[in-house]
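Working notes for the structure below.
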Amino acid sequence: SHPSVLSLSPSSLSVDAVGLQRQIDELAAFSDTPKPSVTRILYSEKDVLARSYIKSLMKEAALSVREDAVGNIFGRWNGYEAGLPAVATGSHIDAIPFSGKYDGVVGVLGALEAINTLKRSNFQPRRSLEVIMFTSEEPTRFGISCLGSRLLAGSEAATDALKQAVDGQNISFFDAAKSAGYNICQEDLPNVSLTKESYSAFLELHIEQGPILEEEGVSIGIVTAIAAPASIKVDFEGNGGHAGAVLMPARNDAGLAAAELALAVEKHVLASGSIDTVGTVGILELHPGAINSIPSRSHLEIDTRDIDEKRRNTVIEKIQHSASKIATDRGVKLSQFTVVNQDPPALCDESIIDAMEAASRQLNLSHKLMISRAYHDSLFMARISPMGMIFIPCYKGYSHKPEEYASMEDIANGVKVLALTLAKLSLD
Ligand code: GLV
Ligand code: MN
Ligand code: MN
Ligand code: MN
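Residue numbers (UniProt numbering): 42 to 469.
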């Protein structure tokens, strides 16, 4: 007979918090910038090292490891009814420039620790349990966020975008992949996609990246929905020229057009009427970038999000209108206005929410329902599987900066909720 989840008493779940913290620290050492910051960019040397570290941990946990064409990594613990759709959990380990060591990582190493915890308690899964490390959740290198999970969900837009994609050094996606040991061509991309029969549930454990849980002293956030993200690339072109010799009336300054558009983004976001609308110009580049040369080209990348898709789309329309008007008024050319992605929000699955709440209750952990303002691979996994997310508190809500921190106690709590929920869902 197979031990049921009932015999898995929550108190028998013992998380190896010390070991998990050591792994988080070891992974953080694969970074292109010094401690405490972490920088780990897709297909870089450090990313390749971090990937083999994850694969070795999967093998240590006796999972069967599979890697797809773009480097999504899967570690499976076969259930006693291995033919059923599996229950999956995972996140990412890539890190934007000068970020911290918990974003994504907690959901990969924490997932492996959840599996090890279940194994130590002699639990036997009915459905297979699978840990996924997604390729490039962050858009850093090729401007495409959640690259691995978009492809898993069968996004044709992502497949098309990758055909043209180049990084800041003009290296193509395929050349970058090749340098990391992934010898792929365009025809391989659609094969990454998974069917809707692959998973009966997908879960992601993540730091909140916001201040609510810490402020309210709540241990576990149970996500109900993920906000709708969009990103836009804009280029302006002017004549440039000598900073001393070209008089002001004769100029068409591409840099000032960019500055004006950045302020317009803020204005349109604030005018939405909701605190839930946000917009950021995180990249603003001027060419040639010399103090005594009028910018002849400018490049902006704009991130805008909302829990209300329609309201977010209205902001995008207004930004586009402003970009055209600024170009006309300033006599510069709007040489690019590309909406890179304009994704709808995702709802978490009711029965998974119930399972996570039940697990938190069984573990005597305070919990609350909340939305995710950051996006996650779960946004795309929701297209092929019922999805749920578990948040844990993080220091002052800090994320995407070196000061990002989550306590070992909070991480261990998250791992326990994850383990118990995986166990329940695997027996469903
Ligand atoms: C992902 O890191 C995001 O920007 O939400
Ligand atoms: Mn992130
Ligand atoms: Mn993340
Ligand atoms: Mn994220």
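C-beta atoms are modelled at their ideal positions from N, C-alpha and C, and glycine is treated no differently. Just so we're clear, the structure is a prediction, and the values are computed from it rather than from any experiment.
Near LEU420, which residues of its chain fall below 7 Å by C-beta distance, leaving aside the five closest residues on each side in sequence? As a position in the sequence shown, residue 420 is number 379, starting the count at 1. Result list for LEU420: CYS187, ILE267, ASP384 and ALA387, in chain order.
What do you reckon, are the CB atoms on ILE263 and HIS408 nearer than 8 Å? By one-based count along the sequence shown, residue 263 stands at place 222. By one-based count along the sequence shown, residue 408 stands at place 367. In contact: ILE263 and HIS408 (Cβ atoms closer than 8 Å).
Give me, in chain order, the residues of the same chain whose beta-carbon lies closer than 7 Å to that of ARG352; leave out the 5 immediate sequence neighbours on both sides. Numbered from its first residue, the sequence shown carries residue 352 at position 311. Taken in chain order, the residues that qualify are SER313, SER315 and THR318.
Any heavy atom of ligand 1 closer than 7 Å to the Cβ of TYR416? The residue you call residue 416 lines up with position 375 of the sequence shown. At least one heavy atom of ligand 1 is nearer than 7 Å to the Cβ of TYR416, so yes.
Look up GLY116 in the DSSP assignment and give the residues it is bridged to. Counting from one through the sequence shown, the residue named residue 116 turns up at place 75. Answer is VAL106 and VAL172, bridged to GLY116.
Is the CB-CB distance between GLN250 and SER72 below 8 Å? For the purposes of this step, residue 250 is taken as the residue at position 209 of the sequence shown. For the purposes of this step, residue 72 is taken as the residue at position 31 of the sequence shown. It is not a contact, given that the beta carbons lie outside the stated cut-off.
Whole-Å CB distance - SER105 paired with ARG92, under 8 Å assumed: Residue numbering aside, residue 105 sits at position 64 when the sequence shown is read from its first letter. Residue numbering aside, residue 92 sits at position 51 when the sequence shown is read from its first letter. Wrong, their Cβ atoms sit about 17 Å apart, outside the cutoff.
Buried versus exposed, by CB contacts within 10 Å (16 or more), GLY455: Mapped onto the sequence shown, residue 455 falls at position 414. So GLY455 ends up on the buried side.
Take ASP208 as the anchor and find which of VAL56, ALA217 and ALA127 has the nearest alpha-carbon. Taking the first residue of the sequence shown as 1, we reach residue 208 at position 167. Taking only the C-alpha atoms, the option nearest ASP208 is ALA217.
Strand pairing of ILE261, partner residues [DSSP]: Taking the sequence shown and counting its residues from 1, one reaches residue 261 at position 220. Note: ILE261 sits in a beta bridge opposite HIS408.
Return the chain-ordered ranges of every beta strand (DSSP E) run that is complete within the stretch 341–426 and spans a minimum of 3 residues. 374–383 and 408–413
When the distance is taken between beta carbons, is ILE332 closer than 8 Å to THR345? As a first step, residue 345 is located in the sequence shown; it is residue number 304 there, counting from the start. As a first step, residue 332 is located in the sequence shown; it is residue number 291 there, counting from the start. No. Outside cutoff.
When the distance is taken between beta carbons, is ARG168 closer than 8 Å to ALA127? Residue 127 sits at position 86 when you count from the first residue of the sequence shown. Residue 168 sits at position 127 when you count from the first residue of the sequence shown. In this structure, ARG168 lies closer than 8 Å to ALA127 by Cβ.
For a quick check, are the C-beta atoms of ALA199 and ILE185 less than 8 Å apart? Numbered from 1 along the sequence shown, position 158 holds the residue referred to as residue 199. Numbered from 1 along the sequence shown, position 144 holds the residue referred to as residue 185. Going by C-beta atoms, ALA199 is nearer than 8 Å to ILE185.
With distances taken from CA atoms, which of SER337, GLY323, GLU245 and GLY222 is nearest VAL89? Here the question's residue 89 lines up with position 48 in the sequence shown. For the residues SER337, GLY323, GLU245 and GLY222, the minimum Cα distance to VAL89 belongs to GLY222.
Taking PRO51 as the reference, give the member of ILE425, LEU459, LEU404 and LYS442 with the closest Cα. If you number the sequence shown from 1, residue 51 lands on position 10. The option with the nearest alpha carbon to PRO51 is LEU404.
What did DSSP end up calling PHE164 once you bin it into helix, strand or coil? Working through the sequence shown from its first residue, we reach residue 164 at position 123. If DSSP states are grouped into helix, strand and coil, PHE164 belongs with coil.
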